[in-house]
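Below: the structure, in structure tokens.
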Amino acid sequence: MLTKKRLLTLVLVFALVLTTGAAAWANSAIFWTAPNPPQEVFWTEMAKRFMAENPEYNIQVFPMAEAPSSEATILTAIAGGTAPAASENIFIGFGAELYESAALVPLDTLEGWDELIAARNMEGAIKGWAFPDGHYYILPIYSNPILYGWRIDILEELGVDRIPETYEEIIEVARLAQKEGLFLMVRPALGMPTWWERWFDFFTLYNAISGDVPFITGSEITADDEAVIDVFKFYADLAKEKLILTQDIPDAFATDNAIWSELGPWTFPGWKEQYPEMVYGETFALTMPPIPEHHKDDAAGNTFADAKGLVLYAQASEEAKQAVWDFIRWVFADPAHDLLWMEATSLPPVRDDLADNPVFAEYLAKAPELVPYAESLAFAVPPFTHSDFADIQTVLSEEGLIPVVRGTKSPEQAWEDAKAAINGILNR
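Numbering (this note's numbering), first residue to last: 5 to 432.
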């Protein structure tokens, strides 16, 4: 039979266990990373450091399943009520699908949002991430601005002493290259309806002209008609004179077959292994997308951003959401963590000060080809916000860009047909 003293001791121990367990539960959260080992390594290390400083938290980091796709994994988890508190790897188009199903937390309603944006110095870059209701549901983590590479060594051989900036100047240089058996650009995707390819050939150029005019707003086409037709006409002119090739030549830009190409910052690690002769400032240069001559004085000067971020899921418990939000704010409050991110993943963090913050100076000095990307982050526009992004960009391809390149439609007719098809999607 238990004595009163022993009984009291057991009660106190049991109460302590319950209290400790409740505290641990209240500060526990699951965070899903992209199915990419470097990103998993980064987030695991961040959670380890955070919990070392804040032992009352329990942040569990797991990579999301890659098959059939990370998006399908997230949708399945939401449907089954097993979504994590937060995850990364969300681009704004898929985010729109989650937003429309009320699956996400509006981050700007959480305590510390403004302080986080200020601490990470991303007041400019965040503007393109607003959703139709004015709230922010995605915190962008990284952004890959798409720039254009020029083979400056070949331009010099052609007698060109200045990198072209306008469509008209590019066509003149392309004609010189053609006489030497070279193409301006080799891009098989110009003949393919693959929806995401339009990010890298259409939206780069559209954003350069009118990146401050959204292509889609809510359920309406708000694109600048003249800008769309300008882009279509540029490709039509290039194709008509056979200055571009839509058949494949592997690594045409690096193998001296083309003098101009869209490039993301992920290109260069592979070049260092396979094409060590490709040296920034010696064999190639990087520029923002070109514009038509008649827009030199009023162009937006933007490009496209291949960017992703993180979200909080509405179905998670309030305790889990608070715990993971505390963790996220801790991660992005310190620029040294963004440096670790870049060292681990080679993906540029979304910061307006990436190019001139001394924290990143040594890293960028060792990789000067990344400096133009850092400088253009504030001008890189993410995809439009609509859940039918894939269907919209597919018909933009099938009814618009592809027939223009093939010469079967005029730029004006192609845009009229593409708009009709897009409106059919928006109104269904």
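For glycine and all other residues, C-beta sits at the position ideal for the given N, C-alpha and C.
Item to complete: Measure the alpha-carbon distance for R355 versus P168 and round it to whole angstroms.
Response: For the purposes of this step, residue 355 is identified with residue 351 of the sequence shown, where counting begins at 1. For the purposes of this step, residue 168 is identified with residue 164 of the sequence shown, where counting begins at 1. Distance between the alpha carbons of R355 and P168 is about 29 Å.
Quick one: complete alpha helix (DSSP H) runs, 4+ long, within the segment 158 to 205? 171 to 183, 202 to 205
**Item:** Classification of T208 by the beta-carbon crowding that lies within 10 angstroms, buried from 16 upward
**Value:** The residue given as residue 208 occupies position 204 in the sequence shown. That one is buried.
E92 - containing beta strand (DSSP E), residue span | As a first step, residue 92 is located in the sequence shown; it is residue number 88 there, counting from the start. Run containing E92: 90 to 94, per the beta strand (DSSP E) assignment.
Are S32 and A304 closer than 8 Å when you measure CB to CB? As a first step, residue 32 must be located in the sequence shown, where it is residue number 28. As a first step, residue 304 must be located in the sequence shown, where it is residue number 300. No.
### Query
With distances taken between CB atoms, is the gap from T170 to P296 smaller than 8 Å?
To locate residue 170, count along the sequence shown from 1; it is residue 166. To locate residue 296, count along the sequence shown from 1; it is residue 292. Closer than 8 Å, so yes.
Whether or not the segment 303 to 318 and the segment 367 to 384 are in contact is what I'm after, with contact meaning three or more pairs of Cβ atoms, one per stretch, closer than 8 Å; do they touch?
yes
Q: Please confirm whether H139 and D165 have their CB atoms less than 8 Å apart.
A: Counting from 1 along the sequence shown, the entry for residue 139 is found at position 135. Counting from 1 along the sequence shown, the entry for residue 165 is found at position 161. In this structure, D165 does not lie closer than 8 Å to H139 by Cβ.
List, from N- to C-terminal side, the beta strand (DSSP E) runs of 3 residues or more that fit wholly inside the segment 236 to 319.
The qualifying runs are 264 to 267, 289 to 291, 307 to 316.
Throw me the rounded Cβ distance for the G274 and P372 pair, which I believe falls under 8 Å. Stepping through the sequence shown from its first residue, residue 274 is reached at position 270. Stepping through the sequence shown from its first residue, residue 372 is reached at position 368. G274 to P372, Cβ: 17 Å. No contact.
* If we ignore side chains and look at the alpha-carbon of each, how far apart do F204 and E70 end up? -> Taking the first residue of the sequence shown as 1, we reach residue 204 at position 200. Taking the first residue of the sequence shown as 1, we reach residue 70 at position 66. Taking the straight line from one Cα to the other gives about 24 Å.
| message | If contact is defined by three or more beta carbon pairs under 8 Å, each pair taking one atom from either stretch, is the segment 70 to 88 in contact with the segment 126 to 138? | response | no
According to DSSP, simplified to helix, strand and coil, what is L358? Along the sequence shown, one-based indexing puts residue 358 at 354. L358: coil per DSSP, three-state reduction.
- Item | L249 versus V65: straight-line alpha-carbon distance, rounded | Residue numbering aside, residue 249 sits at position 245 when the sequence shown is read from its first letter. Residue numbering aside, residue 65 sits at position 61 when the sequence shown is read from its first letter. Going by C-alpha positions, L249 is about 45 Å away from V65.
(request) Go ahead and pull the three-state DSSP assignment for Y367. (result) Indexing the sequence shown from 1 puts residue 367 at position 363. In this structure, Y367 counts as helix in the three-state DSSP scheme.
Quiz item: With distances taken from CA atoms, which of V399, R410, L162, E119 is nearest I426?
Solution: Taking the sequence shown and counting its residues from 1, the one referred to as residue 426 is at position 422. If we check each option's Cα against that of I426, V399 comes out closest.
inquiry  = Considering Cα atoms alone, identify which of L194, F388, L358 is closest to E127.
reply    = Counting from one through the sequence shown, the residue named residue 127 turns up at place 123. The shortest C-alpha separation from E127 is found at L358.
Residues bridged to I63 by DSSP? Locating residue 63 in the sequence shown gives position 59, counting from the first residue. Paired residues: A33.
**OP:** State buried or exposed for E366, treating a residue as buried only when at least 16 other CB atoms are found within 10 Å of its CB.
**Re:** Within the sequence shown, residue 366 is the residue found at index 362, counting from 1. Answer is exposed; the Cβ neighbour count stays below 16.
Less than 8 Å between the C-beta atoms of G153 and L267, yes or no?
Indexing the sequence shown from 1 puts residue 153 at position 149. Indexing the sequence shown from 1 puts residue 267 at position 263. It is a contact, given that the beta carbons lie within the stated cut-off.
task = Could you name the residues of the same chain whose beta carbon sits closer than 8 Å to that of A100, not counting the 5 residues immediately before and after it, in chain order?
result = Counting from 1 along the sequence shown, the entry for residue 100 is found at position 96. Closer than 8 Å at the Cβ level, and outside the excluded window around A100, lie F135, T389, H390, S391, F393.
Item to check | Option in Y146, G97, A337 with minimal Cα separation from T221 | outcome: Reading the sequence shown from its first residue, position 217 is the one you call residue 221. Nearest C-alpha to T221: G97.
message: DSSP has I220 in a bridge; who is on the other side?
response: Working through the sequence shown from its first residue, we reach residue 220 at position 216. Beta-bridge pairing links I220 to I225.
| query | Should I158 be labelled buried (16 or more other beta-carbon atoms within 10 Å of its own) or exposed? | reply | Numbered from its first residue, the sequence shown carries residue 158 at position 154. A residue is called buried once 16 or more other Cβ atoms fall within 10 Å of its Cβ, and I158 is buried on that count.
Whole angstroms are fine: how far does the CA of L242 sit from the CA of A256?
As a working note, residue 256 is residue 252 in the sequence shown. As a working note, residue 242 is residue 238 in the sequence shown. Those two C-alpha atoms are separated by around 17 Å.
- prompt: Looking only at its own chain, which residues have a Cβ that is under 6 Å from the Cβ of A123, when we skip the five neighbours before and after it?
  reply: As a working mapping, residue 123 is identified with position 119 in the sequence shown. For A123, where only same-chain residues beyond five positions count, the Cβ hits under 6 Å are A337.
Quick check: is any heavy atom of the ligand PLP less than 7 Å from the C-beta of K423? For the structure depicted, the ligand PLP is absent and the ligand set is empty, with no information on it obtainable.
For E184, which of A369, N211, D260 has the nearest alpha-carbon?
Translated into positions along the sequence shown, residue 184 becomes position 180. Of the listed residues, the one whose Cα sits closest to E184 is D260.
**Prompt:** So which of A56, A51, E57 has the shortest CA-CA distance to I63?
**Reply:** Looking up residue 63 in the sequence shown gives position 59. Of all alpha-carbon atoms in A56, A51, E57, the one lying nearest the alpha-carbon of I63 is that of A51.
Worksheet item: Residues in its own chain within less than 7 Å of Q251 by CB, not counting five upstream and five downstream?
Response: For this step, residue 251 is matched to residue 247 along the sequence shown. Correct list, in chain order: P192.
Could you give the first and the last residue of the continuous beta strand (DSSP E) run that contains N148?
Taking the sequence shown and counting its residues from 1, the one referred to as residue 148 is at position 144. 143 to 149 is the extent of the beta strand (DSSP E) around N148.
Alpha helix (DSSP H) segment containing P415, residue limits:
Position 411 of the sequence shown, counting from 1, holds the residue named residue 415. That run of the alpha helix (DSSP H) goes 415 to 430.
| request: Mind checking which residues open and close the alpha helix (DSSP H) that includes A378? | output: The sequence position of residue 378 within the sequence shown is 374, counting from 1. Counting along the chain, the unbroken alpha helix (DSSP H) around A378 starts and ends at 375 to 380.
Could you tell me the alpha carbon to alpha carbon distance between S414 and V232, rounded to whole angstroms?
Within the sequence shown, numbered from 1, the residue matching residue 414 stands at position 410. Within the sequence shown, numbered from 1, the residue matching residue 232 stands at position 228. Distance between the alpha carbons of S414 and V232 is about 12 Å.
| Short Cβ contact (8 Å threshold) for G313 with L143 | To locate residue 313, count along the sequence shown from 1; it is residue 309. To locate residue 143, count along the sequence shown from 1; it is residue 139. Result yes, Cβ atoms of G313 and L143 sit closer than 8 Å.
Please classify Q278 as buried or exposed, where buried requires at least 16 other C-beta atoms within 10 Å of its C-beta.
Counting from one through the sequence shown, the residue named residue 278 turns up at place 274. Classification of Q278: exposed, given that the 10 Å Cβ count is below 16.
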